[in-house]
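What follows is a set of notes on a single structure, which appears directly below.
Numbering (the working numbering), first residue to last: -8 to 99.
Below you can see the structure in the form of structure tokens.
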């Protein structure tokens, strides 16, 4: 019983601003990445442009993800808004699942 109470209290604690900022950045970047997969698979022009940029569309995709993640992470970090662990986990897991559904939904 005491262990369950301890676990519940950890989930209600707040993470620091950098952790919440970059966690939120991950959640947004994950969804944007899935949308980019759909976009580049739907548009030969976008796909070819990404290939022309770096030699392979996945390299361009990865670089765009990294740039977006870092920019959003630093923006959200500077807002300085710590959030509860539970909320951050729900956002991150939810965005990951939603991203997978977006990609799977496109290809199915």
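Glycine included, every Cβ here is placed at the ideal spot set by N, Cα and C.
Residue 75 sits in a strand when the DSSP states are folded into three classes. Comparing C-alpha distances from residue 69 to each of 13, 93, 5 shows the shortest one belongs to 13.
Within the model, the alpha-carbon separation for residue 99 versus residue 37 is close to 21 Å.
Rounded to the nearest angstrom, the gap between the Cα atoms of residue 46 and residue 82 is 33 Å. According to the DSSP assignment, residue 7 belongs to no alpha helix (DSSP H), since it is labelled neither H nor E. Ranked by how close their Cα comes to the Cα of residue 21, the residues 1, 7, 3, 63 have 63 in first place. About 6 Å separates the beta carbon of residue 23 from that of residue 59, a gap short enough to meet the 8 Å contact definition. The straight-line gap separating the alpha-carbon atoms of residue 35 and residue 67 is approximately 34 Å. Taking all protein chains in view, the Cβ of residue 18 is crowded by 16 or more other Cβ atoms within 10 Å, so the residue is classified as buried.
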